[in-house]
Structures are given as C-alpha cells and as structure tokens.
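Inspection log for the structure reproduced underneath, given as structure tokens.
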C-alpha cells in the first residue's frame, strides 16, 4: 500500500523546495493537504507525480481539466502572498486541491467553478476534510463572484489568454491577483495589484500550465 505521507514529503522536498519556493506557510500547507484525497481511487497513486493529472474530459469545445502540477502551483501561491486575514477568490476550483491549500493560508476562500460536476466534487472533498473556511459556488468563472467581493487576493487556477476587467474590479484596494497569461512555453505568471482605481502588474516567471475554459479574446473578422 502506498505511503502517501512519505510521498507528500518527497514532493515538497524534490519538486517544490527546488523551484525557489521558500515561504514557510506555503510549504507547510503543501505538507498538510492530502493531495490524493482530491482524486478518484484509480488515480490516487498518481497524486504526487510531477505532472498535471486529468480530472475531467474535454467536451463541447471545452478543454479537459487537470489538477495542476505541484511545482508551478506552489510558485503561484507563493507569488500571491496570502495573509491570514485575507479573503481569497479561486477562479476555477477544479477538484478543490488549490482551494484547500489557500484555505490554510487565508481567513476564508470562495472558489467559483463553471463545471457543475467538478464544483460538487470539490465542495464534497473540502467538506470531508474539514476545510470549513472554504466554499465552492457554480457560475461563469470569467465573471468572478461579485456577491462576496471585494477580495484581498484572487488566484486564477489555470492558464488564460487575458485577465477580464470583471476580476480586477473585484479586488480590494491593495488587493493582488495572480494569473498565468498565455499558453505553452510563451506563458508568463503575472502578479496584478490594485491601487485605488488603477491596476498594475509585473511578469514574474515562465509557467506552462493547463488552460481554463473561456478567457479568450474575440477574434477580429478579416476579409
């Protein structure tokens, strides 16, 4: 039988610490959350590999969804610099793992998911494991979740083509948003922050992660 605790420690030591993740709270969260608990039985043995893990199939022009590889996830979470009193929005809860990680760092977390099955599964996973400061709602992830805004931090849980203004508008003054913009090797992790009504950003590092559905710019018609 697989020793998941040993695998979790090995993941942190070999995949996370080795990629410039030095935040003690972030490392502690990754050591604490049982990654395997967010996967179906037939995939639990894959929980700690250094690859993305499929959690839903592609359908109706929507991409397949994945549990993000540990290393880029940890780097993105560290970049967001979540504080204990923060209210956080997760855009695209997926299976719920990233929401659980962030719930250990924040005061409370709201996660929005467009896939009803994934929303139900992630909500159940979080409840089963006792992460009672996190809630999952179903809706259009491109629109964020205005009823609980403003947020101190927003985490976009997958690659997108651009950050919609609707998400930036839901940041509190001084709030931060982390997203990977672009796809494949050209993708960059960006940290946005809001000062009054102005949002600025810096590009932090390359990060090739799987895309979220939507978040594509309208194509201009060409004759």
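Residue numbers (this note's numbering): 1142 to 1364.
Idealized CB from N, CA, C, for every residue including glycine.
- [ ] Locate the alpha helix (DSSP H) running through residue 1258, then write down its first and last residues.
- [x] Taking the chain shown and counting its residues from 1, one reaches residue 1258 at position 117. Segment 1257 to 1269, the alpha helix (DSSP H) holding residue 1258.
TODO: Taking all protein chains shown into account, decide if residue 1368 is buried (16 or more other Cβ within 10 angstroms of its Cβ) or exposed.
DONE: Any question about residue 1368 goes unanswered here, given that the chain covers just 1142 to 1364.
Open item on the list: Using a Cβ distance threshold of 8 Å, determine whether the region 1292 to 1303 contacts the region 1260 to 1274, with at least three qualifying pairs required.
Closed with: no
Open item on the list: With a threshold of 8 Å on Cβ separation, who are the neighbours of residue 1173 within its own chain once the five nearest residues in sequence on each side are excluded?
Closed with: Residue mapping note: residue 1173 aligns to position 32 of the chain shown, counting from 1. Hits under 8 Å: 1245.
Task: Length-filtered (4 minimum) alpha helix (DSSP H) runs lying within the region 1171 to 1253 - done: 1211 to 1221 and 1238 to 1244
Open item on the list: Taking the alpha carbon of residue 1160 as the reference point, which residue from 1332, 1198, 1348 and 1318 has its own alpha carbon closest?
Closed with: Taking the first residue of the chain shown as 1, we reach residue 1160 at position 19. Closest by alpha carbon: 1348.
TODO: Measuring alpha carbon to alpha carbon, tell me which of 1202, 1337, 1320 and 1301 ends up nearest residue 1344.
DONE: Working through the chain shown from its first residue, we reach residue 1344 at position 203. Nearest Cα to residue 1344 within the set 1202, 1337, 1320 and 1301: 1320.
Task: Closest by C-alpha distance to residue 1206, when choosing among 1225, 1255 and 1191 - done: Here the question's residue 1206 lines up with position 65 in the chain shown. Ranking the options by Cα distance to residue 1206, first place goes to 1255.
Task: Three-state class that DSSP yields for residue 1155 in the structure shown - done: Counted from its first residue, the chain shown places residue 1155 at position 14. Three-state DSSP puts residue 1155 in a helix.
TODO: Spatial neighbours of residue 1324 within its chain, please: CB distance less than 7 Å, with the 5 preceding and 5 following residues excluded, ordered by chain position.
DONE: Along the chain shown, one-based indexing puts residue 1324 at 183. Contacts found: 1300 and 1352.
TODO: Output the distance between the C-alpha atoms of residue 1146 and residue 1190, rounded to the nearest integer angstrom.
DONE: The residue given as residue 1146 occupies position 5 in the chain shown. The residue given as residue 1190 occupies position 49 in the chain shown. Their backbone Cα atoms lie some 14 Å apart in a straight line.
- [ ] Quick one: using the 10 Å Cβ neighbour count with 16 as the cut-off for buried, is residue 1370 buried or exposed?
- [x] Not covered by the structure: residue 1370. The range shown for the chain is 1142 to 1364.
Open item on the list: Comparing C-alpha positions only, which one of 1144, 1250 and 1333 sits nearest to residue 1229?
Closed with: Sequence index remark: in the chain shown, residue 1229 carries index 88 (1-based). The option with the nearest alpha carbon to residue 1229 is 1250.
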